[in-house]
Structure formats: structure tokens, C-alpha cells
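Asker:
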Amino acid sequence: MKVISLPYCYSFCRRLHSAKFLCLPQSNVNVFDRNAKLLQRERAAKNPNVAVFDYLKEEVGYRLADRVLDIKRELKIGLDLGTGRGHVAKNIVNGTLEYLYMSDYSPSMLESAATPEDVEYRKLLIDEEEQFPLESKTLDLVISNLNLHWVNNLPSCLREIYRVLKNDGVFLASMFGGDTLFELRSSLVLAELEREGGFAPHVSPFTEIQDIGGLLNASGFTMLTIDTDEITVGFPSIFELMWDLQGMAENNAGVNRKLHIHRDTLLAASAVYQEMYGNKDGIPATFQVIYMIGWKPDPSQSVSQAERGSGQMSLKDLHKLNEMVKETGMEGRLKFMQEMTDPNKNKKE
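349 is the number that the UniProt record's numbering gives to position 349 of the sequence shown; each next residue is one higher, with no gaps.
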């Protein structure tokens, strides 16, 4: 009788639950293993110490909810897409919304989600990669906190969000950007190259900020606002960082991920991380957060797109602004701007 070691059993069980092994259907763009990500979220939600790992999503969720308060128009019905443990929903106060749908594709995560006070709500199981079980043009607000970076077909998801929004509805979201965990990524690559002569992706890919605007615009959203923020968290070593990522359910879920890291490689990565980025207190881990807001067009919106070729000022003349300020001060700049934007300038010439 052959005795199988516990590490082998653990690795084999992970393979059994991978989408590749089970031949589960994936979207046309197979970047993430959604089955593995579901298991990670379920495991995190059932952890009795799950609140210990909420610090990052708690902070970003608070900042995102604060942006909702900046919207002056009346919002009645909203959707918290990928609510997780309710980091945004619990910060939605009475007077902001009248009714909130809270959705997630992890049953345990949805069950453990904190709920808003004095706001009616309903919890729904929704997979972001499938059609939402909501009628078109029924929502005033869709909000998503640190969730969309795990969606395979992001354009399709954005089109669904656009569909369920009313005209003049607003979409707000936060997601991790491409510079997230760059220290961990580079340390693992260098260590694996040195110890094994090659490397595999151990940190899932993230969307770059320059792609967000194009995706939102292609989905139909207008009046876009996109900005980024960086949150740096300190850890004693690489091992505590990876432990926290697992507790957040933010560990790797790439389709082509390597399920096992050799001990020697991990120890080497820890040394590389400390040498390249470490300080006397340990190591820093950078999380780049991309915030976005987009509106569904409506005739009542005051902002309209100018016709192509209607501009009166050439970008090649912008350098003259500094020259005008040096010579004549601010009055010269204002005069120059008035001349360049005069709609009758071409007629006079």
C-alpha cells in the first residue's frame, strides 16, 4: 500500500477543483479560473477570523461610499455588484438610496455581508459573467468595490451594467490596477528564474488604467472620471503578505497559474523582496486602486460633445501661453485665450 504525503494530497485536491481539470465552461477570454476564485471566496468567508483581513477592502469601500455622497441628484434604487462582506453597503446611509440590491457569486460571502441601516435591501446571487436577473433601465446606481478585476469578460460585464441603469444613471467602481503587488511579482519572478531556470505567473494580471477609459466609452458611458490611488501596507515578511492575500481571497486565480511553489524558491523570493524593497520594519506591499465613474447618457445632461473640427484653438499654440504670461502677465493670457476661442476669428481673417 502506497502512502501519499499530505502536501501531495493538498495539491491534488486543488487540481481536482480547477476548471481545467473539471473541463468547466469558461468565457471566451480565459484569464481567470472562476471556479478557483469561487472556492477562494467561500474559504475566506467561512474563516472565523475573516474580519482580520478586511482592512484593505474596508478602507477602499469607505472611500467609494463617500464618493456616492458627492452625487447631488436623487438616487432611489442601487446595486452593489460583488458586495463581498458589505464594505460599501454598510456605509450607505439613509437618504442616499431607498433600496439596495446586494449581489455576489459566493453564497457564503453574500450571507456574511454587512447590510445598510435604514435602507431596504435584498441579497441576490449574481455571476458578473452572466446576464443579471434585473430588468433593463431599473437602477439609478451601480457600485462595485474591488471585484471587477476578477471578471474574465469585462466588456460584457460593463455592457450589462449599462443595460440595467436608467438614463442618467451612474456607475461607480474601484478595482486593483496593474501596479498592484509589483514588489511581490518581481521577487517571485527573480527567485524562480534563479532556482528553477524559468518562471510561471504567481500574481494574477490586473487591468491597466489606460484601458479603463476605452472600456467604459465602448460600453456607452459618458462623462467619465478615472483616477488612481496607492495604498502601501507593511508586512514583516513575504509569508505574512501571502497569508493576508489568501485571507482576503485575493490570491492568484489565473488559468495558467502554478499550483505549487517550491520551498527553496519561496525562501529565495523572501530574500529578494527584503533586499530590493525591504526596510527596517519589514517589507512594503503596494496596492494600486483605480476609481472610475461613468454616466449613462440622457438628453437632460448639460454636457454635449462638440462637432469634429469646430475647435478654434490649435494645440500647437499652447506653448505661447507661458510666453504671454512672462511678457504681459495674466491679462495677456486671458486676451490670447479670447482671441483663440473667438468663433468669428476665421471669418475676420
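Ideal placement from N, C-alpha and C gives every residue a C-beta, glycine not left out.
Owing to the predicted nature of the structure, the values given are computational and were not obtained by experimental measurement.
In the DSSP output, which residue or residues are listed as bridge partners for E120?
Answerer: Answer by DSSP bridge pairing, in chain order: Y99.
Asker: Measuring only the C-alpha atoms, how far is Y62 from Y121?
Answerer: 19 Å
Asker: Which full runs of the beta strand (DSSP E) of 3+ residues lie inside the segment 106-169, going along the chain?
Answerer: 120-125, 139-145
Asker: Residues in its own chain within less than 7 Å of D168 by CB, not counting five upstream and five downstream?
Answerer: W295, K296, D298, S300, Q301
Asker: Out of E135, R43, A200, Y277, which has the shortest C-alpha to C-alpha gap to L245?
Answerer: R43
Asker: Whole alpha helix (DSSP H) runs in the segment 25-64 with 4 or more residues, listed along the chain?
Answerer: 34-46
Asker: How would you write the range of the beta strand (DSSP E) that L224 sits in, first residue to last?
Answerer: 222-235
Asker: Tell me, which residues are paired with N94 by DSSP?
Answerer: L97
Asker: Cβ of T225 less than 8 Å from any chain C Cβ?
Answerer: Looking for chain C here will not work: only one protein chain is present.
Asker: Measuring alpha carbon to alpha carbon, tell me which residue in Y99, K123, V68 is nearest G86.
Answerer: Taking G86 as reference, the option from Y99, K123, V68 with the minimal CA-CA separation is K123.
Asker: My output table needs one value for L79: the three-state DSSP class, helix, strand or coil.
Answerer: strand
Asker: How long is the line joining the alpha carbons of L24 and R34, rounded to whole angstroms?
Answerer: Any reading at L24 must be qualified, since the residue scores a pLDDT of 45, below 50, and its modelled position is unreliable; no value is offered.
Asker: For L188, tell me which candidate among R263, G282, N94 has the shortest Cα-Cα distance.
Answerer: R263
Asker: Which residue marks the beginning of the alpha helix (DSSP H) containing A218, and which one marks its end?
Answerer: 209-218
Asker: Along the chain, where does the beta strand (DSSP E) that runs through T286 open and close?
Answerer: 283-295
Asker: Could you tell me the distance, in whole angstroms, from the CA atom of E58 to the CA atom of Q274?
Answerer: 27 Å
Asker: Which value, in whole angstroms, describes the spacing of the CA atoms of Y162 and R41?
Answerer: 26 Å
Asker: Taking 8 Å as the threshold (C-beta atoms), are T228 and A285 in contact?
Answerer: The Cβ-Cβ distance between A285 and T228 does not fall below 8 Å.
Asker: State buried or exposed for F239, treating a residue as buried only when at least 16 other CB atoms are found within 10 Å of its CB.
Answerer: exposed
Asker: Go through its chain and collect everything with a Cβ distance to T180's Cβ below 6 Å, but skip five positions before and after it.
Answerer: F206, F287, Q288
Asker: Are the beta-carbon atoms belonging to residue 358 and F132 less than 8 Å from one another?
Answerer: With the chain covering only 1 through 349, there is no way to say anything about residue 358.
Asker: Decide if T225 is buried, meaning its Cβ has at least 16 other Cβ atoms within 10 Å, or exposed.
Answerer: exposed
Asker: Please classify H149: is it buried, with 16 or more other beta-carbons within 10 angstroms of its beta-carbon, or exposed?
Answerer: buried
Asker: If contacts are defined as beta-carbon pairs under 8 Å, then L215 and L158 qualify, I think. What distance do you get, rounded to the angstrom?
Answerer: 6 Å
Asker: Could you name the residues that DSSP lists as bridge partners for F176?
Answerer: Beta-bridge pairing links F176 to V289.
Asker: If I'm right that I290 touches S174 with Cβ under 8 Å, what's the distance once you round it to whole angstroms?
Answerer: Indeed, because the Cβ distance is near 7 Å, the residues count as touching under 8 Å.
Asker: In the DSSP assignment, find the alpha helix (DSSP H) that holds D264 and state where it starts and stops.
Answerer: 263-277
Asker: Just checking my contact of L141 with G78 at CB under 8 Å: how many whole Å lie between their CB atoms?
Answerer: 4 Å
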